[in-house]
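**Student:**
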């Protein structure tokens, strides 16, 4: 006898567009307008699963009678939610909860979760924090083919600290085509990503008491890694264009920088300043560690040359597939002078550090067959659409920086406004990151770091509508 699967604990989904009664309660004693109260109640109900996709809401007239409010209150609340993408329907056919991913009751994120990229957000929550790419639109056939090829290889006995020779060749060719960096496989070492590359640079270049410069505001992982290797971390100011060269300390052994798209301000280091930075490195003997983390994504601007291409002896270039493909792969690269690459490979043996052989083989297949290039071209177009949406919706309410490249923009706001927007947006199901945690010391600039990599086009629209509404209210 066949026993149907248990449905315990699962909320039944509507089989057709059904009508639902709303147990709404509004307070006339509250300072919050009735329209905002109603819109907020409906958003929470949709986030928490009390309202399921496809369910029909009461008509504006019926709900106004139920709540004993004017029909205008209900109409304006519905219109706001239509604009944000929560509702759909046509005039005369009813108002419905938009068909989105199934939702589960959401957990409120901790402050740390708003600052650092973490696991995927709960369904129904819109994640506009930076640092994560879109991973739900990959070529499944290419992905499976790459892993089948990797599975054909026998288990490795002694991992090569440099990486698979074939992958090093393919990465050198990829860097030549994508970034204009003329290197050979002897210049490339395969890492497990940017964090691993930073640690290998610290192992080779730093020691107890050595001074390492990190952009301020900048990438917190660089500060953490250098400090863990015993270095003294020195904050180096940045402006709208990137790291400020004038005034850089002359006793730095390493300077970490993100010249293609400064994180988090979004500047692109101009050619004259790049040349001054390289001149500083030559005169001081410092090594520049260049993080090229999202340089493949540019909008309406010509690419600028990588620092490494301008001075291969003074610059170590780090790259990763975390932003171009997925963080789950765990493959990146370190590009440097062959003697430096040899040194890093030797040190890597001493700490038993290595990159998975099967993973490297899968990436090699994606590169060899052109699958990664096709994915990059497709995602450039998609990210450009989302970036244009962010500029369209937030540009009128605040100053935006860094919208010409990468996967995030900076929305400049007064400190109190930025922190209030982060908190109120969280209560409405939108996760944001303020710039404060990215500073080494006391923040000099305030605002929001808006990421549009991991949210769908519809969620970017909905989330930016909410953020824009909050900014208008808090600055008006």
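Numbering (UniProt numbering), first residue to last: 1 to 476. Heads up, the beta-carbon is just placed ideally off N, CA and C, and yes, glycines get one too. Every value quoted in this text rests on a predicted model; they were computed, and no experiment measured them.
(1) Mind the definition here: the segment 197-205 touches the segment 360-368 only if three or more C-beta pairs lie below 8 Å; say whether that holds.
(2) State the start and end residues of the unbroken alpha helix (DSSP H) segment that holds residue 143.
(3) Apart from the five residues just before and just after residue 179, which ones in its own chain have a Cβ nearer than 6 Å to its Cβ?
(4) Let me check understanding here. Comparing Cα to Cα, which of 382, 472, 434 and 460 lies closest to residue 138?
(5) With the cut-off set at 8 Å, would you say residue 407 and residue 297 are in Cβ contact?
(6) What's the C-alpha gap between residue 477 and residue 458?
(7) Drop a sphere of 10 angstroms on the beta-carbon of residue 5, count the other beta-carbons inside from all chains shown, and report buried for 16 or more, exposed for fewer.
(8) Are there 16 or more other CB atoms within 10 angstroms of the CB of residue 172, so buried, or fewer, so exposed?
(9) Ignoring anything shorter than 4 residues or poking outside the segment 313-350, list the alpha helix (DSSP H) runs there in chain order.
(10) Could you check which residue in 85, 405 and 394 has the C-alpha nearest to that of residue 421?
(11) Would you kindly work out how many angstroms separate the C-alpha atoms of residue 97 and residue 462, rounded to a whole number?
(12) Report the rounded CA-to-CA distance for residue 221 versus residue 195, giving the unit in angstroms.
(13) Quick one: give me the first and last residue of the alpha helix (DSSP H) that residue 365 is part of.
(14) Pull up the DSSP beta-bridge partners for residue 257, would you.
(15) Take residue 472 and list the residues in its own chain whose beta-carbon comes closer than 6 Å to its own, dropping the five residues that flank it on each side.
(16) Please report the straight-line C-alpha distance between residue 197 and residue 191, rounded to a whole angstrom.
(17) Could you tell me if residue 475 is buried or exposed, where buried requires 16 or more neighbouring beta carbons within 10 angstroms of its beta carbon?
(18) What residue range is occupied by the uninterrupted beta strand (DSSP E) comprising residue 191?
(19) Since residue 409 is in the beta strand (DSSP E), which residue starts that stretch and which ends it?
(20) Where residue 126 and residue 45 are concerned, what is the direct C-alpha to C-alpha distance, given to the nearest angstrom?
(21) What residues are listed by DSSP as bridge partners for residue 236?
(22) Please confirm whether residue 362 and residue 227 have their CB atoms less than 8 Å apart.
(23) Which term fits residue 477, buried or exposed, when burial requires 16 or more other beta carbons within 10 angstroms of its beta carbon?
(24) For a test of the three-state rule: what should DSSP assign to residue 431, helix, strand or coil?
(25) Mind the definition here: the segment 211-218 touches the segment 246-261 only if three or more C-beta pairs lie below 8 Å; say whether that holds.
(26) For a test of the three-state rule: what should DSSP assign to residue 231, helix, strand or coil?
(27) Out of 414, 36, 73 and 223, point me to the one whose CA is closest to residue 469's CA.
(28) Grab the span of the alpha helix (DSSP H) containing residue 400 for me, first residue to last.
(29) Just how far apart, CA to CA, sit residue 443 and residue 465?
(30) Quick check: the Cα distance between residue 244 and residue 238, rounded to an integer number of angstroms?
(31) Counting C-beta neighbours from all protein chains within 10 Å, is the total for residue 290 16 or more, i.e. buried, or is it exposed?
(32) Could you check where the beta strand (DSSP E) with residue 244 kicks off and where it finishes?
(33) Just the C-alpha distance for residue 151 and residue 186, rounded to the nearest angstrom, thanks.
(34) Can residue 276 and residue 241 be called in contact, C-beta distance under 8 Å?
(35) Spell out the partners DSSP gives residue 405 in its beta bridges.
**Tutor:** The answer reads as follows:
(1) Counting C-beta pairs closer than 8 Å gives fewer than three between the segment 197-205 and the segment 360-368, which falls short of the contact rule.
(2) It spans 140-151 - the alpha helix (DSSP H) in which residue 143 sits, taken as one unbroken run.
(3) Setting aside the 5 residues that flank it on each side, residue 179 is surrounded in the same chain by 306, each with a C-beta closer than 6 Å to its C-beta; the list follows chain order.
(4) Nearest of 382, 472, 434 and 460 to residue 138, Cα basis: 382.
(5) Contact: yes.
(6) No information on residue 477 is available, as it lies outside the stretch 1 to 476 that the chain covers here.
(7) With a pLDDT of 42 at residue 5, under the threshold of 50, the modelled position of that residue is not reliable, and no figure is offered here.
(8) Residue 172 is buried by the Cβ-count criterion.
(9) Qualifying alpha helix (DSSP H) stretches, in chain order: 338-350.
(10) Selected option, being the one with the closest Cα: 394.
(11) Here the C-alpha atom of residue 97 lies approximately 14 Å from the C-alpha atom of residue 462.
(12) Counting only the Cα atoms, residue 195 lies some 7 Å from residue 221.
(13) Unbroken alpha helix (DSSP H) run through residue 365: 357-368.
(14) Answer is 290.
(15) Here the set comprises 397.
(16) Their backbone Cα atoms lie some 6 Å apart in a straight line.
(17) Residue environment analysis places residue 475 among the exposed positions, since fewer than 16 neighbouring C-beta atoms fall within 10 angstroms of its C-beta.
(18) Segment 188-191, the beta strand (DSSP E) holding residue 191.
(19) Counting along the chain, the beta strand (DSSP E) containing residue 409 begins and ends at 408-412.
(20) Take the alpha-carbon of residue 126 and the one of residue 45: they are about 15 Å apart.
(21) Note: residue 236 sits in a beta bridge opposite 215.
(22) The answer is no: Cβ separation not under 8 Å.
(23) With the chain represented from 1 up to 476, any question about residue 477 goes unanswered, as that position is not in the structure.
(24) It is a strand residue.
(25) Touching, yes, given that three or more Cβ pairs across the two stretches are closer than 8 Å.
(26) Residue 231 falls in the coil class under three-state DSSP.
(27) Considering only alpha carbons, the answer is 36.
(28) It is not in any alpha helix (DSSP H) - residue 400 instead sits in the beta strand (DSSP E) that spans 399-401.
(29) Going from the Cα of residue 443 to the Cα of residue 465 covers about 27 Å.
(30) Rounded to whole angstroms, residue 244 to residue 238 spans 5 Å at the Cα level.
(31) It counts as buried.
(32) Counting along the chain, residue 244 falls outside any beta strand (DSSP E), and DSSP gives it neither H nor E.
(33) For residue 151 and residue 186, the distance between alpha carbons rounds to 27 Å.
(34) Inclusion of residue 276 and residue 241 in the CB contact set at 8 Å is not warranted, their separation being larger than that value.
(35) Beta-bridge pairing links residue 405 to 298.
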